[in-house]
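J.:
There are 2 protein chains.
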Amino acid sequence: MKLTVKDMDIATGDVPVVILNEKDAAFLDLHHGDRLTVQKNSRKTTAIIDIGESDKAVAQGQIGLFEEVLDALYAKQGDTVTIKYARKPLSLEYVRKKLDGKELTYKEIYDIIRDIGDNKLTDIELTSYVTANYITGMSDEEITNLTKAMTLTGTQLRIAKKPVVDLHCIGGVPGNRTTMIVVPILIAAGLTVPKTSSRAITSPAGTADTMEVLCPVSLPISKLYQILDKVGGFIVWGGSVNLAPADDRIIKVEHPLNIDAEGQMLASIMAKKASVSATHLLMDIPVGKGTKIDNRKQAAHLQGHFERLGNELGIKVKTIITEGSEPIGNGIGPVLEARDCIWVLTNDSRAPQDLREKSLEMAATLLEFSGKVKKGQGMQTAIKILNSGEAYKKFADMVKAQGGKDIDASALKPESIQFTYVAPKAGIVTTLNNSSIAKIARMAGAPVDQGAGIFLHRHCSDHVRKGEPIMTIYSRSREKLNYALESLKELDGIIVQ
Amino acid sequence: MKLTVKDMDIATGDVPVVILNEKDAAFLDLHHGDRLTVQKNSRKTTAIIDIGESDKAVAQGQIGLFEEVLDALYAKQGDTVTIKYARKPLSLEYVRKKLDGKELTYKEIYDIIRDIGDNKLTDIELTSYVTANYITGMSDEEITNLTKAMTLTGTQLRIAKKPVVDLHCIGGVPGNRTTMIVVPILIAAGLTVPKTSSRAITSPAGTADTMEVLCPVSLPISKLYQILDKVGGFIVWGGSVNLAPADDRIIKVEHPLNIDAEGQMLASIMAKKASVSATHLLMDIPVGKGTKIDNRKQAAHLQGHFERLGNELGIKVKTIITEGSEPIGNGIGPVLEARDCIWVLTNDSRAPQDLREKSLEMAATLLEFSGKVKKGQGMQTAIKILNSGEAYKKFADMVKAQGGKDIDASALKPESIQFTYVAPKAGIVTTLNNSSIAKIARMAGAPVDQGAGIFLHRHCSDHVRKGEPIMTIYSRSREKLNYALESLKELDGIIVQ
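Order-wise, the sequence lines are chains G and P.
Residue 499 is where the first sequence ends in the numbering used here, and the numbering goes up by one at each step.
Residue 499 is where the second sequence ends in the numbering used here, and the numbering goes up by one at each step.
1) Find the nearest neighbour of residue 43/G within the set 416/G, 239/G, 85/G, judged by alpha-carbon distance.
2) Determine the contact status of residue 83/G and residue 40/G, defining contact as a CB-CB distance below 8 Å.
3) What is the rounded straight-line gap between the Cα of residue 207/G and the Cα of residue 269/G?
4) Checking the sheet assignment: what are the DSSP bridge partners for residue 420/G?
5) According to DSSP, is residue 349/G part of a helix, a strand, or is it coil?
6) Does the CB of residue 31/P have a neighbour CB from chain G at under 8 Å?
7) Measure the CB-CB distance between residue 486/P and residue 475/P and report whether it falls below 8 Å.
8) If you measure from the beta carbon of residue 28/P to each beta carbon in chain G, is any gap under 8 Å?
9) Hey, how far is the Cα of residue 157/G from the Cα of residue 452/P?
10) Within 10 angstroms of its Cβ, does residue 162/G collect 16 or more other Cβ (buried), or is it exposed?
11) Give the DSSP-derived three-state secondary structure of residue 96/G in the structure shown.
12) By the 7 Å beta-carbon criterion, what residues does the segment 127-157 of chain P contribute toward chain G?
13) For chain G, is any of its Cβ atoms less than 8 Å away from the one on residue 296/P?
14) Let me know the beta strand (DSSP E) ranges lying completely inside the segment 87-135 of chain P, each 3 residues or longer, listed in chain order.
15) Check distances from the C-beta atoms of the segment 434-455 of chain G to those of chain P and list, in chain order, the residues that come in under 7 Å.
16) Quick one: residues in its chain with C-beta nearer than 6 Å to the C-beta of residue 121/G, no 5 flanking neighbours on either side, listed in chain order?
17) Report yes or no: do the segment 258-274 of chain G and the segment 134-152 of chain G share at least 3 C-beta pairs separated by less than 8 Å?
18) Consider the Cβ of residue 39/G: report whether some Cβ of chain P lies at a distance smaller than 8 Å.
19) With a threshold of 8 Å between beta carbons, is residue 261/G in contact with chain P?
20) Is it right to say residue 178/G is buried, meaning 16 or more other beta carbons lie within 10 angstroms of its own, or is it exposed?
21) Would the segment 320-335 of chain P count as touching the segment 425-445 of chain P if we require 3 or more Cβ pairs under 8 Å?
22) Against chain P, which members of the segment 226-259 of chain G pass a CB distance test of less than 7 Å?
23) Residues in the segment 461-487 of chain P with C-beta within 7 Å of chain G's C-beta atoms, listed in sequence order?
24) Got a sec, what are the start and stop residues for the beta strand (DSSP E) residue 25/G sits in?
25) I'd like to know if residue 189/P contacts chain G, where contact means its C-beta is closer than 8 Å to some C-beta of that chain.
26) Given 8 Å as the limit, is there contact between the segment 315-325 of chain P and the segment 403-410 of chain P, that is, 3 or more CB pairs closer than that?
27) When the distance is taken between beta carbons, is residue 51/P closer than 8 Å to residue 71/P?
28) What's the gap between the Cα of residue 465/P and the Cα of residue 385/P?
29) With the cut-off set at 8 Å, would you say residue 105/P and residue 96/P are in Cβ contact?
30) Have a look at residue 247/P and residue 276/P and give me their C-alpha separation to the nearest angstrom.
31) Counting along the chain, where does the alpha helix (DSSP H) carrying residue 229/P start and finish?
32) Counting pairs of beta carbons, one from the segment 220-240 of chain G and one from the segment 252-259 of chain G, are three or more of them closer than 8 Å?
33) Counting only beta-carbon separations shorter than 8 Å, does residue 10/G have a partner in chain P?
34) Can you check which of these residues, 12/G, 61/G, 35/G, 73/G, is closest to residue 6/G by C-alpha distance?
35) Would residue 479/G and residue 441/G be called neighbours here (beta carbons separated by less than 8 Å)?
36) Which residues does DSSP list as the beta-bridge partners of residue 195/P?
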């Protein structure tokens with residue numbers, strides 16, 4: 003059947019969609035969620051059908067194309083296209099199999115993950131897969147196969163110079179920017195560290211957002227290989243490298259349902275490590291109120307899973323369960339966190355000691371675990387590299403190799419509109435709730451406004467006198483500062499007793 | 003936050019959607035699938051957020067409103083609206099509870115079903131509920147509660163004159179238009195029959211489509227009460243009465259997943275019967291190749307469920323398991339099926355005997371089951387009412403009461419473009435596959451083109467000579483006839499041996 007193109011002037015960002023008039027759809031026996039092949043001359047593409055309920059959007063004889071479809075066909079308003087019913091992808095049969103409670107084979111999981119990554123499954127189909135995994139769970143073998151499928155459907159960095167060291171924190175603690183200190187220490191020690199990091203989803207800054215204050219974090223693969231050769235490591239945004247691309251779409255469905263299927267989470271983290279050829283991985287699981295994991299039992303359970311899965315993938319995994327009940331470092335937000343990291347790397351007196359110590363512990367553990375230094379010598383090696391300025395030199399090289407300028411710590415200034423929250427009475431700071439602090443910093447503008455965020459003058463257990471500053475909130479506009487102040491009032495996340 | 007309205011000129015048909023620019027969404031910590039309250043002056047409404055990935059569709063500072071939201075706010079392009087984060091509906095916590103394998107209470111199911119009917123759940127949320135029901139199943143108590151919730155969240159007809167008789171066929175057999183014959187027989191016998199029927203979803207005609215050939219089938223509730231008083235019954239489209247409104251949205255999700263959760267199906271059928279205050283229900287379960295139920299064991303299982311559920315709702319249910327391996331009647335498509343029904347009601351010599359006999363059986367069963375006549379007298383009463391013309395008179399009254407004209411059977415003519423398929427050799431017709439015949443009729447234009455469809459000259463077990471007609475396909479255009487002929491060639495649904 004031939005139809006006339008209407009440009010809908012809208013993109014879905016994932017699955018390509020076309021809109022048909024209700025009458026045309028009824029005639030062709032097509033339903034919401036069915037698939038069509040749309041062809042213009044020699045170009046064709048597959049899209050999902052949405053059905054217009056009135057003639058206003060799309061009249062009979064018309065077909066409304068979203069941007070993804072227009073682009074694929076080089077089509078424009080008024081063009082004629084031919085449509086044909088397209089079969090559902092085979093992977094949907096495997097989704098059905100999972101719905102019916104059966105275990106999936108590697109090939110079946112691979113097909114599903116590939117189709118998710120290629121945007122071939124609709125929200126409805128994807129949700130039913132994610133829900134089925136959540137309800138029925140996955141066997142260890144399925145988790146391993148899922149991890150392999152996620153790895154192989156994305157980009158893979160093949161790195162010859164072993165060991166290849168990686169680290170990962172499962173998150174939830176604001177300011178916890180250890181990566182930018184640990185990676186240069188390890189590189190300076192001669193290890194290979196291809197670090198891909200995430201951007202903030204619900205936090206005030208991810209490592210990628212923070213690193214971006216100093217240099218580009220989206221680089222072509224060929225450039226990454228060059229930097230590895232020259233510097234020994236990098237810190238870039240994982241999203242730009244297209245590692246395990248199915249992951250983003252799965253998260254987009256998990257987020258509104260507020261589910262985080264354990265097997266899916268394990269696979270998604272470990273696939274990204276396998277994708278960069280990691281041989282040794284340090285996993286940081288912070289435990290505490292307001293983090294993702296609130297008790298040690300759960301942390302130990304996860305630890306077992308990470309180590310088993312690493313074993314299957316040929317990655318040695320070491321897990322540390324760390325204290326996570328309050329923010330680490332003093333700065334929260336991209337610029338403020340970058341400044342903390344530079345202060346630690348340059349042994350500045352303003353460097354937050356908790357961040358320095360946690361970073362040294364992690365670097366020491368990885369130096370020993372990877373076999374770079376003997377057992378018992380990790381900490382002194384790490385301290386030497388940090389104190390001597392070697393780590394900072396490597397970091398500066400890395401920033402420049404990624405396309406950044408010379409680092410100027412004095413230029414790392416927060417936004418100018420500020421408010422300082424002071425102790426309402428004398429006492430001890432007993433609570434600096436992670437999620438409250440994160441929320442206030444986000445309302446102030448972080449991470450979109452790089453200089454927005456929070457500087458903590460005090461940490462938990464610190465004594466304060468009435469009127470002494472506890473934290474300063476920085477914002478680009480009075481309006482955003484007001485949003486942050488509203489959150490501060492509402493959340494009751496800071497307690498002095 | 004204040005934003006400027008952009009009219010997206012598109013309707014979703016269900017959940018109200020707004021589009022935010024990526025940067026505004028990030029600043030407000032809003033994600034795909036979150037909810038917003040959108041306010042213009044004193045009017046406000048809740049909508050689901052979609053996030054534009056480029057500035058092209060919706061720039062920073064703008065908000066793209068779909069039709070549902072524009073209408074709710076009386077808003078237009080360029081207006082200023084205020085947005086605020088809105089909490090997720092409480093019912094999502096109950097969906098989560100079901101995902102976690104727990105049984106839901108009546109109140110929890112009610113809240114979910116109400117929010118589905120009110121278009122408050124997104125496709126992702128709804129899919130996860132439907133998938134969870136499919137995977138974990140529902141207890142008998144949950145099915146009962148679901149049925150009650152579906153009933154109470156929609157319109158209910160309160161009918162004092164008992165017994166109130168209803169009938170339902172679970173479908174899958176083309177041409178099986180018994181309702182239009184059984185209902186007038188029952189009314190003529192003095193019973194109350196408030197029949198709501200469906201339109202075709204995947205078939206060439208539903209009872210509502212066929213009845214609509216003769217009269218309107220979307221009537222206001224007040225009119226339905228009047229017709230019940232005056233005539234004793236009606237045959238209208240259930241969709242216009244807003245019975246169990248959650249059902250349509252659930253089907254919209256089940257269809258692309260090709261799942262039909264049994265508990266959901268039971269509840270959806272029985273809720274519609276409870277909604278019209280039915281006291282006696284005849285359930286027709288056709289069994290045979292190409293229908294929905296292909297073996298008697300499955301049919302018996304369903305029978306048990308319908309009877310149990312009826313018992314809980316105060317509806318007496320009688321189930322008949324009928325032969326369903328080929329179409330019933332000769333006409334397939336709205337006009338052709340309406341003509342068959344009129345021929346049966348007017349005792350015309352062209353009336354298909356299989357349709358007449360099945361209708362009489364059903365009417366006889368219901369006359370006895372409802373207590374209208376003594377056991378053993380149902381069939382003779384039904385035959386008397388049909389043969390005497392009383393049933394036809396009642397049917398004609400009903401058509402006029404619903405706003406139709408005098409019935410003129412000779413005006414019921416199929417479309418003029420036709421093709422007759424003849425026997426390729428002498429033999430016996432062994433197969434007239436239901437789903438193939440349905441597909442051909444739909445490709446020919448049914449039910450959108452009322453006169454399109456198929457007339458069967460022969461049924462299964464009939465002898466044919468080479469070249470004798472088996473069926474004629476009617477279509478409004480040569481193009482549609484060609485589509486039908488392609489299906490005829492492909493499907494191998496008609497076999498002479």
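Note that beta-carbon positions come from the ideal geometry of N, C-alpha and C, so glycine has one too.
Owing to the predicted nature of the structure, the values given are computational and were not obtained by experimental measurement.
T.: Straight from the coordinates:
1) Here residue 43/G refers to the residue found at position 41 of the first sequence. Of the listed residues, the one whose Cα sits closest to residue 43/G is 85/G.
2) Numbered from its first residue, the first sequence carries residue 83/G at position 81. Numbered from its first residue, the first sequence carries residue 40/G at position 38. Yes, these two residues count as a Cβ contact at 8 Å.
3) Along the first sequence, read from residue 1 onward, the residue named residue 207/G stands at position 205. Along the first sequence, read from residue 1 onward, the residue named residue 269/G stands at position 267. Cα-Cα distance, rounded: 23 Å.
4) Taking the first sequence and counting its residues from 1, the one referred to as residue 420/G is at position 418. Looking at the DSSP assignment, residue 420/G forms a beta bridge with 476/G.
5) Within the first sequence, numbered from 1, the residue matching residue 349/G stands at position 347. Residue 349/G falls in the coil class under three-state DSSP.
6) Looking up residue 31/P in the second sequence gives position 29. Interface residue, yes.
7) Translated into positions along the second sequence, residue 486/P becomes position 484. Translated into positions along the second sequence, residue 475/P becomes position 473. Cβ atoms of residue 486/P and residue 475/P: closer than 8 Å.
8) In the second sequence, the residue the question calls residue 28/P occupies position 26. Chain G contact via Cβ: present.
9) In the first sequence, the residue the question calls residue 157/G occupies position 155. In the second sequence, the residue the question calls residue 452/P occupies position 450. When rounded, the distance between both Cα atoms is 54 Å.
10) What you label residue 162/G is simply residue 160 of the first sequence in a count that begins at 1. By the 10 Å Cβ count, residue 162/G comes out exposed.
11) Stepping through the first sequence from its first residue, residue 96/G is reached at position 94. If DSSP states are grouped into helix, strand and coil, residue 96/G belongs with the helices.
12) 127, 129, 130, 133, 134, 136, 137, 138
13) Here residue 296/P refers to the residue found at position 294 when the second sequence is read from its first residue. For residue 296/P, the answer is no, since every Cβ of chain G falls outside 8 Å of its Cβ.
14) none
15) 444, 447, 450
16) In the first sequence, counting from the first residue as 1, residue 121/G sits at position 119. The answer, listed in chain order, is 16, 17.
17) yes
18) Walking along the first sequence from the start, residue 39/G turns up at place 37. Not one chain P Cβ lies under 8 Å of residue 39/G.
19) Indexing the first sequence from 1 puts residue 261/G at position 259. By this cut-off, residue 261/G is an interface position.
20) Taking the first residue of the first sequence as position 1, residue 178/G is located at position 176. Residue 178/G comes out buried.
21) yes
22) 254, 255, 257, 258, 259
23) none
24) Against the first sequence, residue 25/G aligns to sequence position 23. Taken as a continuous stretch (DSSP letters only), residue 25/G belongs to no beta strand (DSSP E), being part of the alpha helix (DSSP H) at 24-29.
25) As a working mapping, residue 189/P is identified with position 187 in the second sequence. No, no contact with chain G.
26) no
27) Along the second sequence, one-based indexing puts residue 71/P at 69. Along the second sequence, one-based indexing puts residue 51/P at 49. Not a contact, by the Cβ cut-off of 8 Å.
28) Numbered from its first residue, the second sequence carries residue 465/P at position 463. Numbered from its first residue, the second sequence carries residue 385/P at position 383. Spanning the two alpha carbons is a distance of roughly 29 Å.
29) Within the second sequence, numbered from 1, the residue matching residue 105/P stands at position 103. Within the second sequence, numbered from 1, the residue matching residue 96/P stands at position 94. No, they are not a contact pair.
30) Residue 247/P sits at position 245 when you count from the first residue of the second sequence. Residue 276/P sits at position 274 when you count from the first residue of the second sequence. Cα to Cα, residue 247/P sits roughly 14 Å from residue 276/P.
31) Along the second sequence, read from residue 1 onward, the residue named residue 229/P stands at position 227. Here the alpha helix (DSSP H) through residue 229/P covers 223-232.
32) no
33) By 1-based counting over the first sequence, the position of residue 10/G is 8. Closer than 8 Å: yes.
34) As a first step, residue 6/G must be located in the first sequence, where it is residue number 4. Among 12/G, 61/G, 35/G, 73/G, the Cα nearest to that of residue 6/G belongs to 61/G.
35) By one-based count along the first sequence, residue 479/G stands at place 477. By one-based count along the first sequence, residue 441/G stands at place 439. Their beta carbons are not under 8 Å apart, which means residue 479/G does not touch residue 441/G by this criterion.
36) Position 193 of the second sequence, counted from the first residue, corresponds to residue 195/P. According to DSSP, which records beta bridges pairwise, residue 195/P is partnered with 235/P.
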